[in-house]
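So the sequences go chain by chain: A and B.
Last residue of the first sequence: 317 (this note's numbering), numbering continuous.
Last residue of the second sequence: 598 (this note's numbering), numbering continuous.
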Amino acid sequence: MKKYTYTDKKDTRSGFGAGLHEVGQKNSDVVALCADLVGSLKMDAFIKDFPERFFQIGIAEANMMGIAAGLTIGGKIPYTGTFANFSTGRVYDQIRQSIAYSGKNVKICASHAGLTLGEDGATHQILEDIGLMKMLPGMTVINPCDYNQTKAATIAIAEHDGPVYLRFGRPVVPIFTDPNQKFEIGKAWMVNEGSDVTIIATGHLVWEAIQAGEQLATLGIDAEIINIHTIKPLDEEAILKSVAKTGCVVTAEEHNRLGGLGDSVAQVLVKNNPAPQEYVAVNDSFGESGTPAQLMEKYGLNAASIVSAAQKVIKRK
Amino acid sequence: MSADIAKLENIAKQVRRDIVRMVHGCQSGHPGGSLGCADFFVALYFHQMEHNPKFNLDGIGEDIFFLSNGHISPVFYSTLARAGYFDKSELATFRKIDSRLQGHPTTHEHLPGIRVASGSLGQGLSVAIGASRAKKLNNDDKLVYVLMGDGELQEGQVWEAAMYAPHNKVDNLIATIDLNGQQIDGPTERVLSLGNLKAKWEAFGWDVLEAKGNDMAQLTETLAEAKSRTGKGKPVMILMHTEMGYGVDFMMGSHKWHGVAPNDEQLAAALVQLEETLGDY
Numbered sequence: 001m002k003k004y005t006y007t008d009k010k011d012t013r014s015g016f017g018a019g020l021h022e023v024g025q026k027n028s029d030v031v032a033l034c035a036d037l038v039g040s041l042k043m044d045a046f047i048k049d050f051p052e053r054f055f056q057i058g059i060a061e062a063n064m065m066g067i068a069a070g071l072t073i074g075g076k077i078p079y080t081g082t083f084a085n086f087s088t089g090r091v092y093d094q095i096r097q098s099i100a101y102s103g104k105n106v107k108i109c110a111s112h113a114g115l116t117l118g119e120d121g122a123t124h125q126i127l128e129d130i131g132l133m134k135m136l137p138g139m140t141v142i143n144p145c146d147y148n149q150t151k152a153a154t155i156a157i158a159e160h161d162g163p164v165y166l167r168f169g170r171p172v173v174p175i176f177t178d179p180n181q182k183f184e185i186g187k188a189w190m191v192n193e194g195s196d197v198t199i200i201a202t203g204h205l206v207w208e209a210i211q212a213g214e215q216l217a218t219l220g221i222d223a224e225i226i227n228i229h230t231i232k233p234l235d236e237e238a239i240l241k242s243v244a245k246t247g248c249v250v251t252a253e254e255h256n257r258l259g260g261l262g263d264s265v266a267q268v269l270v271k272n273n274p275a276p277q278e279y280v281a282v283n284d285s286f287g288e289s290g291t292p293a294q295l296m297e298k299y300g301l302n303a304a305s306i307v308s309a310a311q312k313v314i315k316r317k
Numbered sequence: 318m319s320a321d322i323a324k325l326e327n328i329a330k331q332v333r334r335d336i337v338r339m340v341h342g343c344q345s346g347h348p349g350g351s352l353g354c355a356d357f358f359v360a361l362y363f364h365q366m367e368h369n370p371k372f373n374l375d376g377i378g379e380d381i382f383f384l385s386n387g388h389i390s391p392v393f394y395s396t397l398a399r400a401g402y403f404d405k406s407e408l409a410t411f412r413k414i415d416s417r418l419q420g421h422p423t424t425h426e427h428l429p430g431i432r433v434a435s436g437s438l439g440q441g442l443s444v445a446i447g448a449s450r451a452k453k454l455n456n457d458d459k460l461v462y463v464l465m466g467d468g469e470l471q472e473g474q475v476w477e478a479a480m481y482a483p484h485n486k487v488d489n490l491i492a493t494i495d496l497n498g499q500q501i502d503g504p505t506e507r508v509l510s511l512g513n514l515k516a517k518w519e520a521f522g523w524d525v526l527e528a529k530g531n532d533m534a535q536l537t538e539t540l541a542e543a544k545s546r547t548g549k550g551k552p553v554m555i556l557m558h559t560e561m562g563y564g565v566d567f568m569m570g571s572h573k574w575h576g577v578a579p580n581d582e583q584l585a586a587a588l589v590q591l592e593e594t595l596g597d598y
């Protein structure tokens with residue numbers, strides 16, 4: 001098992017804030033919008049340096065999505081910022097018609113996704129957003145795993161012409177990816193090569209997958225770990241190549257098991273190379289209040305859950 | 318009547334013929350609101366706006382228009398064709414398979430003149446505000462126009478946008494509401510009353526004008542007045558009183574022709590009332 005260490009921990013939303021500021025410096029067409037959550041989205045640096053390119057919308061997310069769509073007409077590249085719940089479910093029809101169907105170059109940037117929002121509870125812990133967004137034709141869906149990857153993704157999506165959903169979170173998590181990484185949309189990252197089981201993880205579950213890989217190694221199980229940061233378009237080639245070698249797969253995500261990364265992987269396998277698969281995901285339920293760590297344990301989204309799922313799926317080979 | 322007004326009225330007659338024929342041709346679509354807004358579209362595209370039929374989606378350096386109540390697509394398509402955005406023969410494909418003239422307008426088929434999809438109501442004003450802000454960022458002094466239906470004002474997003482534009486001094490925007498008083502289920506007063514719209518929009522901080530939407534002379538004057546009020550710190554609103562189905566006697570005065578196509582006999586009865594002024598498609 002390849003060794004991954006970290007010296008610092010940060011929230012992925014801060015990676016977004018840093019990336020937004022940097023891409024704002026590089027590209028004068030980048031503009032930002034926020035629905036009364038500037039601090040939570042870490043947009044302060046962008047606003048300080050580019051006040052004329054920032055639009056405070058107020059608590060009116062539907063209007064924000066429409067204004068973002070309109071800003072593209074004239075060549076702007078709008079980044080909208082609010083919580084994942086208010087970035088997707090609340091404004092699904094606005095995104096569907098004014099952005100996705102209209103082919104608008106809007107970057108929908110969504111913080112506080114999933115259970116790790118914590119104490120605010122289920123009203124804010126959206127676990128359906130990946131599914132909602134990946135079903136929209138032409139939408140790119142990205143869920144990076146740490147501060148560095150989120151920052152790199154935030155910068156990279158400005159170069160992609162088309163709507164993007166960028167999902168990140170609130171908790172402080174280890175920074176273990178390369179600060180100078182080149183973020184390539186739709187390209188899987190091979191975290192660790194192995195031969196017994198493929199673990200495919202996205203977002204906060206990638207670090208958990210690494211911890212699981214280390215525990216599995218002590219049990220004599222050689223896990224291949226792949227980071228899928230881009231859920232759509234999916235790197236089918238990387239998935240198929242790995243499963244052809246290992247013969248089974250565990251998918252891990254901070255999302256409902258219905259409609260997330262796991263279902264996307266299952267579809268690829270069913271069509272090309274059916275193989276046993278176990279889901280580490282929320283089992284079709286809402287979340288609740290608690291600390292992020294308590295919630296991830298209760299809902300089975302940590303390294304221990306990945307270890308159990310790997311052991312189970314290997315027996316099904 | 319000036320020669321200009323007569324010329325615009327002639328074009329509006331042909332647009333009304335196109336509307337009725339298009340809706341008849343596919344036996345679906347929305348003739349009522351389209352007929353009511355024919356004068357507005359003609360005044361906008363043949364008199365008011367500085368626009369380029371050699372279409373560029375970004376619309377930099379020209380006035381641009383958004384249709385929020387996308388179901389009145391027949392009047393939009395006919396006007397665009399008659400203004401030279403695409404050949405009028407394409408009007409015959411309206412709502413048919415493989416057409417660029419979808420039931421509701423879309424950018425998806427790359428039809429010149431369309432800058433955003435609309436149909437699901439309440440979204441156009443927000444998009445127009447975004448485009449207005451882009452124009453300001455680009456130091457582009459041309460204007461943004463948007464048309465909404467009156468029933469559409471029952472959507473909450475409209476009022477989010479209504480609040481945003483005055484607060485942010487979006488004063489390069491002229492919005493118009495088609496006040497025909499009808500919606501699918503009946504008169505707006507019965508379905509969900511809109512109340513005093515002039516007072517409402519003024520209370521939100523808009524500069525509000527009123528016009529008779531089926532009087533070409535008054536409409537062109539009001540549009541000119543609206544333009545003169547831009548750049549003064551407030552968004553401009555025109556409350557445009559129209560008659561649904563205007564120009565075809567049996568389609569007027571009721572919500573019944575909101576989304577119903579005429580049969581062969583009704584088409585003939587309508588076309589007798591609408592002179593062919595520019596040549597049918």
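Even glycine gets a Cβ: it sits at the ideal position worked out from N, Cα and C.
### Distance CB(K517(B))-CB(M557(B)) smaller than 9 Å
Not in contact: K517(B) and M557(B) (Cβ atoms no closer than 9 Å).
### Task
Between the Cα of V525(B) and those of N513(B), D532(B), G468(B), P370(B), spot the shortest distance and give me the residue it belongs to.
Ranking the options by Cα distance to V525(B), first place goes to N513(B).
#### Entry: First through last residue of the beta strand (DSSP E) which encompasses C34(A)
That run of the beta strand (DSSP E) goes 30 to 34.
### Message
Using beta carbons (cut-off 9 Å, strictly below), is F55(A) in contact with chain B?
### Response
Taking 9 Å as the CB threshold, F55(A) lines the interface with chain B.
### Message
I want to see whether chain A comes within less than 9 Å of E303(B), judged by CB atoms only; does it?
### Response
Since the first residue shown for chain B is 318 and the last is 598, residue 303(B) is missing from the structure and cannot be characterised.
### Task
List the endpoints of the continuous alpha helix (DSSP H) containing M568(B).
M568(B) -> no alpha helix (DSSP H), and no H or E assigned at all.
### Message
At the level of alpha carbons, what is the spacing between L269(A) and A275(A)?
### Response
Those two C-alpha atoms are separated by around 7 Å.
### Closest residue to S395(B) among G349(B), D375(B), C343(B), V337(B) (Cα-Cα distance)
Looking at the Cα atoms, V337(B) is the closest of the given residues.
### Query
What is the DSSP secondary structure of K107(A), reduced to helix, strand or coil?
For K107(A), the secondary structure class from DSSP, reduced to helix, strand or coil, is strand.
### Query
For D93(A), which residues in chain B fall below 7 Å Cβ to Cβ?
Within 7 Å Cβ-Cβ: S437.
### Task
Would you mind telling me which residues of chain A sit closer than 8 Å to G447(B), beta carbon to beta carbon, in chain order?
Residues of chain A passing the Cβ test: G66, I67, A68, A69, G70, L71, T72, I73, P78.
### Task
Thinking G466(B) and N386(B) are a contact (beta carbons under 8 Å), I'd like their distance in whole angstroms, please.
Contact flag correct, Cβ pair sits at about 4 Å.
### Task
Excluding the 5 residues preceding and the 5 following A188(A) in the sequence, name in chain order all residues of the same chain whose CB lies nearer than 6 Å to its CB.
I226, I228, D235, A238, listed in sequence order.
### N456(B), DSSP secondary structure in three states
Annotated three-state conformation of N456(B) is coil, per DSSP.
### Message
For V282(A) and A304(A), I'd like the C-alpha separation in whole angstroms.
### Response
Each residue's Cα considered, the two are about 15 Å apart.
### Query
Can you tell me the Cα-Cα spacing of Y299(A) and S289(A), whole angstroms?
Computed Cα separation, rounded: 12 Å.
### Query
From this set, G247(A), H255(A), P144(A), which residue's C-alpha is nearest V164(A)'s C-alpha?
Of G247(A), H255(A), P144(A), the residue nearest in Cα terms is P144(A).
### Task
Since I believe G24(A) is in contact with V30(A) (beta carbons under 8 Å), could you give me their beta-carbon distance rounded to a whole number of angstroms?
That belief holds up - the Cβ atoms of V30(A) and G24(A) are roughly 5 Å apart, short of 8 Å.
### Message
Quick check on DSSP: helix, strand or coil for A578(B)?
### Response
Here A578(B) sits in coil by DSSP.
### Query
Residue range of the alpha helix (DSSP H) that V487(B) falls in?
Where V487(B) is concerned, there is no enclosing alpha helix (DSSP H), given that its DSSP letter is neither H nor E.
### Task
Count the other CB atoms, across all protein chains shown, that sit within 10 Å of the CB of N272(A); report buried if there are 16 or more and exposed otherwise.
N272(A) comes out exposed.
### Query
Q97(A) CB to nearest chain B CB: under 9 Å?
Interface residue, yes.
### Cβ neighbours of E214(A) in the same chain (closer than 6 Å, five flanking residues each side left out)
Closer than 6 Å at the Cβ level, and outside the excluded window around E214(A), lie M1.
### Query
Expressed to the nearest angstrom, what Euclidean distance is found between the alpha-carbon atoms of T218(A) and T423(B)?
Cα to Cα, T218(A) sits roughly 57 Å from T423(B).
### Task
State yes or no: is the C-beta of Q471(B) within less than 9 Å of the C-beta of V508(B)?
It is a contact, given that the beta carbons lie within the stated cut-off.
### Task
Anything in chain A within Cβ reach of H425(B), meaning under 9 Å, just list it in chain order.
Within 9 Å Cβ-Cβ: Y101, S102, G103.
### Task
Closer than 6 Å by C-beta to G548(B): which residues in its own chain qualify, once you throw out the five before and the five after it? Chain order, please.
Here the set comprises D488.
### Query
Taking the C-alpha atoms as reference points, what is the distance between G58(A) and D36(A)?
Rounded to whole angstroms, the separation of the alpha carbons of D36(A) and G58(A) is 5 Å.
#### Entry: Local Cβ density within 10 Å of P179(A), reported as buried at 16 or more and exposed below that
Classification of P179(A): exposed, given that the 10 Å Cβ count is below 16.
### Buried or exposed (CB count within 10 angstroms, at least 16 for buried), Y362(B)
Here Y362(B) is buried, its C-beta having at least 16 other C-beta atoms within 10 Å.
### Query
Name the chain B residues whose beta carbon is nearer than 7 Å to that of N63(A)?
Going along chain B in sequence order, the residues near N63(A) (Cβ under 7 Å) are S443, Q474, E477, A478, Y481.
### Message
At a CB distance below 7 Å, what residues from the region 412 to 423 of chain B approach chain A? Give them in sequence order.
### Response
So the list reads T423, given in the order they occur along the chain.
### Query
Which first and last residues belong to the beta strand (DSSP E) in which P348(B) is found?
For P348(B), no beta strand (DSSP E) segment is defined; the enclosing uninterrupted segment is the alpha helix (DSSP H) at 348 to 353.
### Nearest-angstrom Cα separation, counted from A543(B) out to P483(B)
Whole-angstrom Cα-Cα distance: 15 Å.
### Task
Check whether the Cβ of R399(B) lies closer than 9 Å to any Cβ atom in chain A.
Interface residue (Cβ-Cβ distance to chain A less than 9 Å): R399(B) is not classified as such.
### Query
Taking only beta-carbon atoms, is V38(A) less than 9 Å away from chain B?
Against chain B, the CB of V38(A) has no partner CB under 9 Å away; the residue lies outside that interface.
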